[in-house]
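Following our numbering, the numbering of the sequence shown begins with 1 at its first residue and continues without gaps.
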Amino acid sequence: MSIDLHFFGAAGTVTGSCYLFETDRGRFLVDCGMFQGPKTVKELNYRDFPFAERDIDAVLLTHAHIDHSGLLPKLVRGGFRGRIRATGGTMDLCSWMLPDAGHIQESEVEHLNRRNSARGRRTVEPIYTEEDARHTLQFFEAVDYERWTEVVPGVRARWWNAGHLLGSASIELEFEGRDRLRVLCSGDIGPDAKLLQADPESPAGFDWVLCETTYGDTDRPNVSPEERRQRLAQEVREAAAAGGALIVPAFAVERTQELIVDLVDLMNRHAIPQAPIYINSPLAIHATQVFVRHVRDLEEGIDLPRLMRSPFLHFTETADQSRAIAEVDGFHIILAASGMCDAGRIRHHLKQWLWNPTATVLLTGFQAVGTLGRFLVDGASRVRIQGEEVLVRARIRRIDDYSGHADAPELAAWVAERQPIRRGLFLVHGEPEATNAFARRVARMEGAPNIVVPRLDEAFDLTAAVATTRRGGDPRLRAEALDRPDWHNDRSRFLLELDEMLDRMPDDAAREELFRSLRRSMAHGDRRSA
Numbered sequence: 001m002s003i004d005l006h007f008f009g010a011a012g013t014v015t016g017s018c019y020l021f022e023t024d025r026g027r028f029l030v031d032c033g034m035f036q037g038p039k040t041v042k043e044l045n046y047r048d049f050p051f052a053e054r055d056i057d058a059v060l061l062t063h064a065h066i067d068h069s070g071l072l073p074k075l076v077r078g079g080f081r082g083r084i085r086a087t088g089g090t091m092d093l094c095s096w097m098l099p100d101a102g103h104i105q106e107s108e109v110e111h112l113n114r115r116n117s118a119r120g121r122r123t124v125e126p127i128y129t130e131e132d133a134r135h136t137l138q139f140f141e142a143v144d145y146e147r148w149t150e151v152v153p154g155v156r157a158r159w160w161n162a163g164h165l166l167g168s169a170s171i172e173l174e175f176e177g178r179d180r181l182r183v184l185c186s187g188d189i190g191p192d193a194k195l196l197q198a199d200p201e202s203p204a205g206f207d208w209v210l211c212e213t214t215y216g217d218t219d220r221p222n223v224s225p226e227e228r229r230q231r232l233a234q235e236v237r238e239a240a241a242a243g244g245a246l247i248v249p250a251f252a253v254e255r256t257q258e259l260i261v262d263l264v265d266l267m268n269r270h271a272i273p274q275a276p277i278y279i280n281s282p283l284a285i286h287a288t289q290v291f292v293r294h295v296r297d298l299e300e301g302i303d304l305p306r307l308m309r310s311p312f313l314h315f316t317e318t319a320d321q322s323r324a325i326a327e328v329d330g331f332h333i334i335l336a337a338s339g340m341c342d343a344g345r346i347r348h349h350l351k352q353w354l355w356n357p358t359a360t361v362l363l364t365g366f367q368a369v370g371t372l373g374r375f376l377v378d379g380a381s382r383v384r385i386q387g388e389e390v391l392v393r394a395r396i397r398r399i400d401d402y403s404g405h406a407d408a409p410e411l412a413a414w415v416a417e418r419q420p421i422r423r424g425l426f427l428v429h430g431e432p433e434a435t436n437a438f439a440r441r442v443a444r445m446e447g448a449p450n451i452v453v454p455r456l457d458e459a460f461d462l463t464a465a466v467a468t469t470r471r472g473g474d475p476r477l478r479a480e481a482l483d484r485p486d487w488h489n490d491r492s493r494f495l496l497e498l499d500e501m502l503d504r505m506p507d508d509a510a511r512e513e514l515f516r517s518l519r520r521s522m523a524h525g526d527r528r529s530a
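Following this line, the structure appears as structure tokens:
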């Protein structure tokens with residue numbers, strides 16, 4: 001049996017997870033995720049897939065996060081008619097997350113088209129609609145952990161708990177042939193002692209392993225659940241002392257629920273000021289209900305249903321309820337998506353509060369290159385939100401104890417436990433600095449496997465004894481475009497810096513001279529490009 005593996009996402013970047021396995025008897029995807037980050041990268045979501053949707057026989061889904069599942073409605077819209085197999089927890093989360101993603105796209109496009117029309121620019125269409133996403137749900141089929149299921153003739157798969165998210169999994173693949181070939185796709189690996197999830201698990205002894213490297217260059221200190229709560233408590237107390245709102249951009253699924261558990265516990269123990277906690281995300285509200293329904297699948301000892309009834313919690317689902325939060329005085333806490341500040345209601349709260357030195361913004365997760373969250377982490381003094389310039393005077397804080405990803409030592413231990421890895425270890429789902437650092441760490445391990453760092457759209461022959469590249473077309477994006485801010489980010493930064501420079505100039509004559517200098521430079525650039 002011929003077996004080719006194509007890396008159509010999460011190669012050279014963290015997002016867009018999509019791996020195509022192609023045999024002479026069928027073709028299937030592991031994940032079909034959305035790209036996030038700079039506009040140049042996100043533009044890949046609008047392009048045609050590098051394969052024909054109708055030619056895909058099945059999709060195996062590791063978990064529900066949008067960078068792993070978010071393009072499934074586009075796949076179905078393009079003609080896919082196979083089955084999307086996932087665990088029950090993943091299916092339930094996707095039943096809310098995918099329609100929410102479609103709704104956000106429709107809302108974002110409507111807002112953008114109003115601006116485009118006013119500027120005489122062409123209008124655009126959403127990648128897919130909320131209705132497209134709901135239609136996609138009929139193609140889902142639930143699988144149990146640790147139970148084999150046939151994918152295409154000659155290939156079977158089973159799912160192992162990855163400890164990252166409700167329903168998350170690593171997927172084991174077995175290919176028939178003279179020598180039975182075994183492959184493991186890690187999905188996203190959770191850290192040890194994660195609040196709501198058991199530790200990750202899967203068998204050992206593979207020919208090929210695909211391993212995520214999101215935090216491949218990070219070695220976090222070991223923090224107990226109580227130490228994590230105390231760090232959070234300190235941040236909350238300082239935010240309360242400042243007097244304004246505590247804005248927490250949080251991924252709607254898992255991160256929000258973890259923060260709810262700890263914040264309510266701390267308030268119940270009077271370890272932090274008792275204040276209203278606004279859960280301002282329809283998706284987070286519905287996802288929380290999914291978690292309550294699957295409470296038996298979560299780590300023991302957490303009475304999630306009781307915590308959700310806390311009088312401190314205020315679930316604000318409608319737009320009117322969301323807008324009403326702006327009228328709240330005094331210290332209060334707002335949890336809103338998205339976790340990287342690039343979409344959803346969080347941007348409205350940031351526009352309201354970023355300029356205010358009494359406010360605190362607490363970032364609790366990974367911030368991809370080119371996202372608003374990354375610019376805040378990197379110390380931007382001004383940002384642009386929905387085309388408007390906003391001054392940053394709020395306290396910008398970060399706590400990484402809630403990460404859903406294993407750090408470098410935990411990933412290395414996970415790889416070691418999968419040994420022997422006979423043919424090769426593919427390192428994926430990471431920015432180059434993190435991936436390369438993890439490659440150096442693995443290379444120092446005893447019995448280190450052959451390490452391969454694939455590029456976007458690169459393909460490999462898995463029947464070869466070592467990784468052998470299958471030459472295809474040119475990649476959709478150069479590697480250097482995947483891991484750094486793009487010209488859209490440069491433009492926004494330039495406009496912000498220009499405004500700051502104009503404000504600092506002593507008089508109008510100096511400002512006029514600056515514009516004359518800029519025009520001369522632009523004219524020179526026009527002559528050079530002609």
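Note that beta-carbon positions come from the ideal geometry of N, C-alpha and C, so glycine has one too.
Asked                                                                                                                                                                                               : Found
In chain order, what residues of the same chain lie with their CB nearer than 7 Å to the CB of residue 55, ignoring the 5 residues before and after it?                                             : 27
Could you check if residue 97 is buried or exposed, using at least 16 other CB atoms within 10 Å of its CB as the buried criterion?                                                                 : buried
Closest to residue 431 by CA distance: which of 518, 248, 482, 170 is it?                                                                                                                           : 482
Give, in chain order, every unbroken run of the beta strand (DSSP E) that is at least 3 residues long and sits entirely within the stretch 129-204.                                                 : 140-143, 149-152, 155-161, 169-175, 181-185
So, with DSSP's three-state summary, where would you put residue 348?                                                                                                                               : helix
In this structure, does DSSP put residue 18 in helix, strand or coil?                                                                                                                               : coil
Tell me, which residues are paired with residue 23 by DSSP?                                                                                                                                         : 3, 26
How many angstroms separate the CA atom of residue 81 from the CA atom of residue 129?                                                                                                              : 18 Å
What distance in whole Å lies between the Cβ atoms of residue 279 and residue 272, which are believed to be in contact at a cut-off of 8 Å?                                                         : In fact, because the Cβ distance is near 17 Å, the residues do not count as touching under 8 Å.
Ignoring anything shorter than 4 residues, give me the alpha helix (DSSP H) runs that lie fully in the stretch 79-123, in order along the chain.                                                    : 88-118
Is the stretch 175-191 in contact with the stretch 40-53, if contact means three or more CB pairs nearer than 8 Å?                                                                                  : no
Could you pull the start and end residues of the beta strand (DSSP E) that residue 207 belongs to?                                                                                                  : 206-212
According to DSSP, is residue 515 part of a helix, a strand, or is it coil?                                                                                                                         : helix
Look up residue 298 in the DSSP assignment and say whether it is helix, strand or coil.                                                                                                             : coil
Within the same chain, show all residues whose beta-carbon is closer than 6 Å to that of residue 236, passing over the 5 residues directly before and after it, in chain order.                     : 272
The alpha helix (DSSP H) with residue 342 in it runs from where to where?                                                                                                                           : Note, residue 342: premise wrong, no alpha helix (DSSP H); not H, not E.
Decide yes or no for the touch test of the stretch 256-269 against the stretch 218-230: beta carbon pairs closer than 8 Å, at least 3 of them.                                                      : yes
With distances taken between CB atoms, is the gap from residue 249 to residue 385 smaller than 9 Å?                                                                                                 : no
Leaving out five residues on either side along the sequence, give the residues of the same chain with a beta carbon under 8 Å from the beta carbon of residue 312.                                  : 263, 264, 267, 274, 275, 276, 277
Assign residue 441 to buried or exposed, taking buried as 16 or more other Cβ atoms, counted over all protein chains shown, within 10 Å of its Cβ.                                                  : buried
Tell me, to the nearest whole angstrom, how far the beta carbon of residue 29 is from that of residue 18; I am working on the premise that it is less than 8 Å.                                     : 6 Å
Quick check for students: name the residue ranges of the alpha helix (DSSP H) that lie wholly in the stretch 428-474, counting only runs of 4 or more.                                              : 432-443
Quick check: residue 340 and residue 309, are their CB atoms within less than 9 Å of each other?                                                                                                    : no
Quick check on the DSSP output: the beta strand (DSSP E) that includes residue 360 runs from which residue to which?                                                                                : 360-363
Could you give the distance in angstroms between the alpha-carbon of residue 166 and the alpha-carbon of residue 63?                                                                                : 8 Å
Starting from the C-beta of residue 359, find all residues in its chain whose C-beta is less than 6 Å away, skip the five residues before and the five after it, and write them out in chain order. : 244, 245, 353, 394
Along the chain, where does the beta strand (DSSP E) that runs through residue 333 open and close?                                                                                                  : 333-336
With DSSP as the reference, label residue 389 as helix, strand or coil.                                                                                                                             : strand
CB-CB under 6 Å to residue 381, same chain, minus the five flanking residues each way: which ones, in chain order?                                                                                  : 392
Looking at C-alpha atoms only, which residue of 337, 7, 23 is the closest neighbour of residue 16?                                                                                                  : 7
What three-state label does DSSP hand residue 59 in the structure shown?                                                                                                                            : strand
Helix, strand or coil: how does DSSP classify residue 420 here?                                                                                                                                     : coil
Which one of 132, 138, 137, 108 has the shortest CA to CA distance from residue 124?                                                                                                                : 108
Which same chain residues end up closer than 6 Å to residue 105 when comparing Cβ atoms and leaving out the 5 residues on each side of it in sequence?                                              : 126, 127
Taking the alpha helix (DSSP H) that residue 221 falls in, what are its first and last residues?                                                                                                    : Looking at the DSSP string, residue 221 is not in any alpha helix (DSSP H), and its letter there is neither H nor E.
Starting from residue 68, follow the alpha helix (DSSP H) in both directions and report where the run begins and ends.                                                                              : 66-69
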